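When you line the sequence shown up against my numbering, it's residues 46 to 334, in that order. Here is the structure we will look at.
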Amino acid sequence: MRPSDQTSLTANEDHPAVETARRVPTLVVAYDDQEPRSGTRPLAVEMPVNLIYGAVPYAVMMTTPADLVDFAYGFSLTEGIIATADEIRSVQVEADTTAGGMRLLVDLVPGRLREHLARKRAMSGRTGCGVCGIDDLASLPKTDAPLHGASRVTIAAIQRALMAMGDAQVLNAETRAVHAAAWANLDGSLGALREDVGRHNGLDKLIGALIRRKTNPADGFVVITSRCSFEMVEKSASLGATVLVAISAPTSLAIDRARLHGMTLCAIARSDTLTVFTGRERLDLPAQP
């Protein structure tokens with residue numbers, strides 16, 4: 046985290062030294078050629094949390110680092126690790142300064158710990174906010190794919206793509222229960238769109254379609270209907286996309302990763318405005334004061 050970007054907005058009783066929200070600089074751009082407005086916006090902090098039972102790492106989950114003791118109890122119950130709260134003797138919350146996350150050291154009663162360690166973990170097929178198959182913070186996904194090309198994107202093209210998204214979401218029109226990920230050409234027309242109940246799955250489907258077509262990542266940009274967590278940035282970066290537009294707000298880690306990759310991240314994209322969080326130099330913007 047960059048100290049200059051941090052402002053703690055919410056009390057964190059489990060670990061006061063860790064922020065749960067961060068205020069970041071923004072640039073709000075209107076589609077009607079008004080001057081962009083600089084400002085700041087609070088974002089929820091997204092952080093990897095490693096759950097450890099009996100000194101053995103079990104899972105890394107992406108969370109807002111508040112109420113982590115409650116999270117440890119609830120996660121343990123829903124995972125079938127415990128049957129009652131009494132089977133947890135204590136939960137210790139630690140910051141992992143090397144990996145940039147948190148550790149929850151869960152002390153189970155002896156009988157339950159033996160059962161847990163003997164039971165094979167199975168977490169495949171999740172549509173939640175974990176990091177499937179990862180059991181320690183050092184293994185948190187990060188793509189090394191370079192972002193090729195520096196094609197500029199106009200605000201009008203982004204607006205055009207957003208307006209086209211609704212009619213293209215056929216399954217969502219029927220169910221009102223799925224996310225979409227779309228590929229927009231530089232003129233804003235949609236080249237591909239995929240839907241899924243899982244926002245990660247929808248983006249994976251889109252990326253699969255694009256690489257099968259051998260689409261040049263410099264020829265357009267990605268638009269997603271979901272919130273923009275760090276995984277969505279990493280997945281887009283693995284494609285080589287340089288511009289990502291999200292309808293909902295990003296998390297703190299999403300912005301960190303977008304900066305790391307040199308990606309343009311626009312979010313809170315509405316019918317009249319969008320907010321630029323990183324990479325504004327890649328956008329054709331109205332004149333600034």
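For each residue, glycine too, the CB sits at the ideal point set by N, CA and C. All values derive from a computational prediction rather than experimental measurement.
#### Entry: Rounded C-alpha distance that separates Glu-64 from Arg-205
When rounded, the distance between both Cα atoms is 37 Å.
### Inside the segment 65-125 only - alpha helix (DSSP H) runs reaching at least 4 residues
Annotation: the segment 65-125 contains the following complete segments of the alpha helix (DSSP H) (minimum length 4 residues), in chain order: 113-123.
### Task
Would you mind stating whether Trp-228 and Leu-251 have Cβ atoms separated by less than 8 Å?
yes
### Message
On a Cα-Cα basis, can you pick out the residue from His-224, Ala-294, Val-278 and Leu-284 that is closest to Arg-304?
### Response
Comparing Cα-Cα distances from Arg-304 to each of His-224, Ala-294, Val-278 and Leu-284, the minimum goes to Val-278.
#### Entry: Residues that DSSP places opposite Thr-260 in a beta bridge
None; Thr-260 has no bridge partner.
### Message
Give me the DSSP bridge partner(s) of His-306.
### Response
Beta-bridge pairing links His-306 to no other residue.
### Task
Grab me the residues of Gly-265's own chain with a C-beta within less than 7 Å of its C-beta, minus the 5 sequence neighbours each way, in chain order.
Trp-228, Ala-229, Asn-230, Leu-231 and Gly-236
### Query
Alpha carbon to alpha carbon, how far is Val-69 from Gly-156?
47 Å
### Query
If you follow the beta strand (DSSP E) that Leu-150 is part of, which residue opens it and which one closes it?
Start and end: 146-153.
### Query
Taking DSSP as the reference, what is the three-state secondary structure of Ser-316?
coil
### Message
Taking 7 Å as the cut-off, is the beta-carbon of Pro-295 closer than that to any non-hydrogen atom of the ligand GDP?
### Response
This structure lacks the ligand GDP, and indeed carries no ligand of any kind.
### Query
Does the Cβ of Asp-301 have 16 or more other Cβ atoms within 10 Å, making it buried, or fewer, making it exposed?
buried
### Task
Might you give, ordered along the chain, the residues of its own chain that have their beta carbon closer than 7 Å to the beta carbon of Gln-137, omitting 5 neighbours on each side?
So the list reads Leu-150, once near-sequence residues are dropped.
### Task
Go through its chain and collect everything with a Cβ distance to Leu-330's Cβ below 7 Å, but skip five positions before and after it.
Val-74, Pro-81 and Ile-200
### Task
Could you say which of Arg-239, Phe-116, Val-290 and Pro-295 lies nearest to Met-147 if we only look at CA atoms?
It is Phe-116.
### Query
When the distance is taken between beta carbons, is Val-288 closer than 8 Å to Arg-327?
In contact: Arg-327 and Val-288 (Cβ atoms closer than 8 Å).
### Task
Kindly give me the distance between the Cβ atoms of Val-105 and Thr-296, rounded to whole angstroms, as I take these residues to be in contact under 8 Å.
In fact, because the Cβ distance is near 15 Å, the residues do not count as touching under 8 Å.
#### Entry: Neighbourhood of Leu-96 by C-beta, 6 Å cutoff - its chain only, sequence neighbours within 5 removed
These residues qualify, in order along the chain: Tyr-103, Ala-104 and Leu-149.
### Message
At the level of alpha carbons, what is the spacing between Asp-212 and Lys-280?
### Response
25 Å
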